Amino acid sequence: MTHSTSASAQDTRPPGPWRMALRSLRRNRSAVFSLGVLVFLAIASLLAPYYARYVAHTDPFVSNVAGSIMLNGQEVDIMQPNDNLLHLGLSPIGPTWHGSYLLGADSQGRDVAARLLYGGRNSLLISFCSAALCLVLAAVVGIAAGFCGGIVDIILSRMMDIMWSVPVYLFAISLSIVTLSDGLHLGPFIIESDNLILPICIIALVYVPYAARPIRGRVMALREAEFVMAARCLGVPRWRIVLQDILPNVTSTLVVLGPLIMAMSLLAESALSFLSIGVQAPAASWGTLIQDGEGLIYTRPMVAIAPGLAIVAVVLALNILGDGLRDALDVRDASHREQ
Amino acid sequence: MKRVLPFLWGLMLPPITAHAAETPQMGGTLRILASSAAGTLDPQISYISLTKFLETPVYDALLTYPKFAGAGAHPVIANLAENVPQPEDNGLTYRLTLRKGIHFSNGQLLTVADVAASFRRIFAAGSPTAGPYYSAIKGAGACLKDPIHCTLSEGIETNPATNTITFHLTHPDPEFPEHLAWMHASILPASTPLHDMGNTAPPGTGPYQITDYNPTTHMHFERNPYFHEWSHNAQPAGSPDHIDVTFGLEPESAVTAIENGQADLMYENVPLDRLGEVGSKYADQVHIFTPLLYYYATLNVNEPPFTSLKVRQALNYAVNRHAMVIYDGGSAVASPQCQLLPEGTPGYERFCAYTAGATPQNPAPQWVKPDMEKARQLVQESGTQGMRVTIVTPSGGKSDNTALDLRSILESLGYKASVHSISPAIHFNFVQNSDNHVQISISGWNADYPSATSFLDTLFACSNFHPHSDNSPNMSGFCDPHIDDMMHHAAQLAQTDRTASNAAWAQVDRALMAQAPAVPLVQTKRVVLVSKRTRNVIITLNDEILLSQLQVP
Chain E
1 MTHSTSASAQ DTRPPGPWRM ALRSLRRNRS AVFSLGVLVF LAIASLLAPY
51 YARYVAHTDP FVSNVAGSIM LNGQEVDIMQ PNDNLLHLGL SPIGPTWHGS
101 YLLGADSQGR DVAARLLYGG RNSLLISFCS AALCLVLAAV VGIAAGFCGG
151 IVDIILSRMM DIMWSVPVYL FAISLSIVTL SDGLHLGPFI IESDNLILPI
201 CIIALVYVPY AARPIRGRVM ALREAEFVMA ARCLGVPRWR IVLQDILPNV
251 TSTLVVLGPL IMAMSLLAES ALSFLSIGVQ APAASWGTLI QDGEGLIYTR
301 PMVAIAPGLA IVAVVLALNI LGDGLRDALD VRDASHREQ
Chain B
1 MKRVLPFLWG LMLPPITAHA AETPQMGGTL RILASSAAGT LDPQISYISL
51 TKFLETPVYD ALLTYPKFAG AGAHPVIANL AENVPQPEDN GLTYRLTLRK
101 GIHFSNGQLL TVADVAASFR RIFAAGSPTA GPYYSAIKGA GACLKDPIHC
151 TLSEGIETNP ATNTITFHLT HPDPEFPEHL AWMHASILPA STPLHDMGNT
201 APPGTGPYQI TDYNPTTHMH FERNPYFHEW SHNAQPAGSP DHIDVTFGLE
251 PESAVTAIEN GQADLMYENV PLDRLGEVGS KYADQVHIFT PLLYYYATLN
301 VNEPPFTSLK VRQALNYAVN RHAMVIYDGG SAVASPQCQL LPEGTPGYER
351 FCAYTAGATP QNPAPQWVKP DMEKARQLVQ ESGTQGMRVT IVTPSGGKSD
401 NTALDLRSIL ESLGYKASVH SISPAIHFNF VQNSDNHVQI SISGWNADYP
451 SATSFLDTLF ACSNFHPHSD NSPNMSGFCD PHIDDMMHHA AQLAQTDRTA
501 SNAAWAQVDR ALMAQAPAVP LVQTKRVVLV SKRTRNVIIT LNDEILLSQL
551 QVP
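Chains as they are written, first to last, in UniProt numbering: chain E, 1 to 339; chain B, 1 to 553.
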């Protein structure tokens, strides 16, 4: 009897905010579709080595300009002479729509499709890790500034203002150039210039002000909330208030910011790699792939278009997902969610 | 000393005079496109190919290379001087007579005082070749130390009455006549300020004058009203009435503009991905020629693993030069380079010491294919496998492709290789400085004028290795006194017997390749696109396309 009463009480208890948010998100078809796109691209990218080995039968990191492939029973050169009177120029093979060189070759005779998947691994990894690191740093800064107030707030806020005043790409380019020549030396630790940790840290750092400011504002509002005041009056330690009262209420903001920061990080990574100061050759990212395709835009536009489309797809999906999360988690829009 | 820039002045092989003039057409406005301006207009300061290209019809030196097409456009001929001087006093004295009746574009008469002042100005204004090309003149040492008070009173003797100029040298310089023909020896009015003239073009003696220049947008040429043709081969009269140069259009866009008839000539090479298009649709507007320019990988003989001769030879054996040709646009626009003198240079004799079936002792007539087996064996013998090797390359374009290909080769030979791309703007200085410990770098090299010295001596002589300096063209840090002696002998022979000198330079080329201080990769051609209306494209040995001779209706 007791058991049944307890079970009944559980059934009648209203769902928690996270469960409601998840339910709301599920109803948002655009957000679910976007999530599907992201998961699909992430899985496809993770399978890059298998694609290169078992489908494309190629090493996408080794130049192959003097090579050839069998296509419809015929041996075809990877670099094909242009058909003109002066025999000027060579063009890499275009999309074959076969397993090998599905999207054609780049100027080094490498399989574009395989490099697209490998590039996706690096681009998604960098953008995800950058966004995560950025949010952690932003949470620390935003909560410290918003909760402590006073001199701490002034110092942290002015630092953020200074960082915000520098154009984000210029800031990222400057940091990348500095670290690119000789890596990063942190005491006994040396991060080589071709290590992905460098672009991850740089991108995370430049976007911290963009995430820290809304978090600070949210924390300042929470600091004056009744439940926080009550906890203070009861003599609850400040660190416990932060962990138990502030942080859970900021989490929804962080979750909403996550996809948006990741989208911006992906664009920043692509820009840096396009400028040769992000992911270093022969490693690939969607930015380096676009750079590879820049010199082939007239003859083999697919080399630049394919990674460009991938970037568009991911950024669009992240933004739609971010909107969906905002709708799902925004307490001010609860009426909409209840419908 | 030569600046490494692609598409500099060069050598045309074979001579190309497509669109030869049917009937001379004077007048009209020639429209040229260049992606960017070349900075200062000062002919004694600028060391940029575009400046030389544009200012050849504006300024004159005492001597010049003949301005007609063909391999015969060599050696130098008289220009402002009446004669090519013969060395006297064992090569320590050169005597010339200045032509009479030549005026600058400001109307001022050219005198021997202008000549002496111009040579003083080379030092006073800080010309980049003051040391390398003119330090043999007596008093040049003092001028280099104290440029402002440079007099060259002992080195240059002038006689206004007879219009003669006499140069006195401290030591013989076998290429002094060539240096008198170099752009930095352009003769300017004596009143020209002793500093870089920047965006102001000083008066010259050629058929054109620069009347308007904005380095961000344009440059405009008008005829020099005081010009008269004194020697058609030295400085021919110009065809167009006006020349307009527009800066800022990327080569891709420049191709489209020329195809559409909106411009007549683009300075830059046709981009690789437009070659097929211009070759098929605009073949009669394309001009291909071979400048004295090749690309190579410098191996620092003072940095492991390239301290080992076997490693240097191994990389030479392993490089796939066929792939390098493909990166440059295929066999129509590039050819494998297997030696340190490019085709067309005096002294060039084709050979390939590092290809399948060849050795430095028994070279093949040409490159066939890589010999990876031999390369791996040499690396194994050197005991350097597993070492880290960083390739430094200028970022962008084919240099990146070349570097990545070399990286693959080094990896396959057992090294841990990586590529370090740096801005082209700083690459040249960076790789010259031994403090940067560059192991291997991708570079291009071209000649200021057709000469074996420009390649072999400049790049590999002991005297051109300056440790800890950004100005050390011997980037390999290579120094072999015996080969230095061979080079000195070959240079001296040029004063008396050019054939013997050329043969001696060919020996130097072989001796250097046996030591493999570099990996020659590819010699490239220039592919220039002109508009449909452009006629009389003359490509000379030294001055590339003769701007003044282009005819537009």
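Note that beta-carbon positions come from the ideal geometry of N, C-alpha and C, so glycine has one too.
Since this is a predicted model, take the numbers as computed values, not measurements.
Note down, in chain order, every chain B residue with its Cβ under 9 Å from the Cβ of residue i.
i, result
"Gly119 of chain E", "Per Cβ cutoff of 9 Å: no residues; Gly119 of chain E is ~15 Å from chain B at best."
"Leu297 of chain E", "For the record, residue 297 of chain E in the displayed sequence is Ile; it is not Leu. Those are Glu252 and Asp273, listed as they occur along chain B."
Answer with buried or exposed for residue i, where buried requires no fewer than 16 other C-beta atoms within 10 angstroms of its C-beta.
i, result
"Met324 of chain B", "buried"
"Asn362 of chain B", "exposed"
"Glu22 of chain B", "For Glu22 of chain B, the pLDDT reaches just 49, beneath the cut-off of 50, and the residue's location in the model is therefore unreliable, although a value from the coordinates is still provided. With fewer than 16 other Cβ atoms within 10 Å, it is exposed."
"Gly187 of chain E", "exposed"
"Val431 of chain B", "buried"
"Leu260 of chain E", "buried"
"Gln86 of chain B", "exposed"
"Asn536 of chain B", "buried"
"Ile43 of chain E", "exposed"
"Arg238 of chain E", "exposed"
With distances taken Cα to Cα, identify the nearest neighbour of residue i among the options.
i, options, result
"Trp204 of chain E", "E:Ala230, E:Ala317, E:Val256 and E:Cys129", "Per the sequence presented here, residue 204 of chain E reads as Ala, with Trp not at that position. Of the candidates E:Ala230, E:Ala317, E:Val256 and E:Cys129, the one whose C-alpha sits nearest the C-alpha of Ala204 of chain E is E:Cys129."
"Ser186 of chain B", "B:Gln285, B:Gln439 and B:Asp42", "B:Asp42"
"Val312 of chain E", "E:Pro301, E:Arg29 and E:Ser34", "E:Ser34"
"Asp284 of chain B", "B:Tyr294, B:Glu259, B:Leu272 and B:Asn300", "B:Glu259"
"His184 of chain B", "B:Thr129, B:Tyr267 and B:Ile137", "B:Thr129"
"Thr253 of chain E", "E:Ala328, E:Val315, E:Gln280 and E:Arg223", "E:Ala328"
"Ala21 of chain E", "E:Leu272, E:Ser270, E:Gly308 and E:Val255", "E:Val255"
"Arg168 of chain B", "B:Thr200, B:Pro193 and B:Glu88", "The sequence given here has His at residue 168 of chain B, not Arg. Checking every option, the nearest Cα to that of His168 of chain B belongs to B:Glu88."
"Leu46 of chain E", "E:Leu117, E:Phe61 and E:Leu25", "E:Leu117"
"Gly120 of chain E", "E:Cys201, E:Ile320, E:Ala310 and E:Ile297", "E:Ala310"
"Val303 of chain E", "E:Ala284, E:Leu321 and E:Gly73", "E:Ala284"
"Asp323 of chain E", "E:Leu257, E:Met264, E:Val314 and E:Arg300", "E:Leu257"
"Met475 of chain B", "B:Ser443, B:Pro481, B:Pro271 and B:Gln492", "B:Ser443"
"Pro177 of chain B", "B:Lys369, B:Arg95 and B:Cys462", "B:Arg95"
"Asp543 of chain B", "B:Val552, B:Met219 and B:Ala69", "B:Ala69"
"Ala516 of chain B", "B:Thr166, B:Ile426 and B:Tyr296", "B:Tyr296"
"Leu188 of chain B", "B:Ile48, B:Ala181, B:Pro202 and B:His195", "B:Pro202"
"Asn502 of chain B", "B:Met487, B:Leu512, B:Met513 and B:Ala514", "B:Met487"
"Tyr101 of chain E", "E:Ala145, E:Tyr51 and E:Ala139", "E:Tyr51"
"Leu198 of chain E", "E:Ile143, E:Ser273 and E:Ile215", "E:Ser273"
For residue i, go through chain E and note every residue whose CB falls closer than 9 Å to its CB, in chain order.
i, result
"Asn214 of chain B", "Ordered by position in chain E, no residue passes the 9 Å Cβ test against Asn214 of chain B, which lies about 27 Å from the chain."
"Val368 of chain B", "Near Val368 of chain B there are no residues of chain E at all, since even the closest Cβ is about 13 Å away, more than 9 Å."
"Ala257 of chain B", "Residues of chain E passing the Cβ test: none, with the nearest at roughly 15 Å."
Please state the DSSP three-state secondary structure of residue i.
i, result
"Ile305 of chain E", "helix"
"Leu184 of chain E", "strand"
"Lys416 of chain B", "strand"
"Ile422 of chain B", "strand"
"Cys338 of chain B", "coil"
"Ala403 of chain B", "helix"
"Gln44 of chain B", "coil"
"Cys352 of chain B", "strand"
"Thr458 of chain B", "helix"
"Trp445 of chain B", "strand"
"Tyr226 of chain B", "coil"
"Asn260 of chain B", "coil"
"Val76 of chain E", "strand"
"Thr453 of chain B", "coil"
"Ile297 of chain E", "coil"
Going along chain B, which residues have a C-beta under 8 Å from residue i?
i, result
"His87 of chain E", "Gly279, Gly330, Ser331 and Ala332"
"Asp83 of chain E", "Gly276 and Ser280"
"Leu124 of chain E", "Here the premise fails: no neighbours, minimum Cβ distance about 23 Å."
"Leu175 of chain E", "In chain order: nothing, as chain B lies at least about 16 Å away."
"Asp194 of chain E", "Ser418"
Which chain B residues sit within Cβ distance under 7 Å of residue i?
i, result
"Met79 of chain E", "Ile326"
"Ser276 of chain E", "Ser395 and Ser421"
Whole runs of the beta strand (DSSP E) within the stretch 107-193 of chain E, excluding any shorter than 3 residues: With a minimum length of 3 residues, the continuous beta strand (DSSP E) runs that stay inside the stretch 107-193 of chain E are 184-186 and 189-191.
What runs of the beta strand (DSSP E), each 3 residues or longer, lie entirely inside the stretch 496-549 of chain B? Counting only runs of 3 or more, we get 518-524 and 526-529.
Which full runs of the alpha helix (DSSP H) of 4+ residues lie inside the stretch 74-160 of chain B, going along the chain? Listed in chain order, they are 112-124, 130-134 and 140-145.
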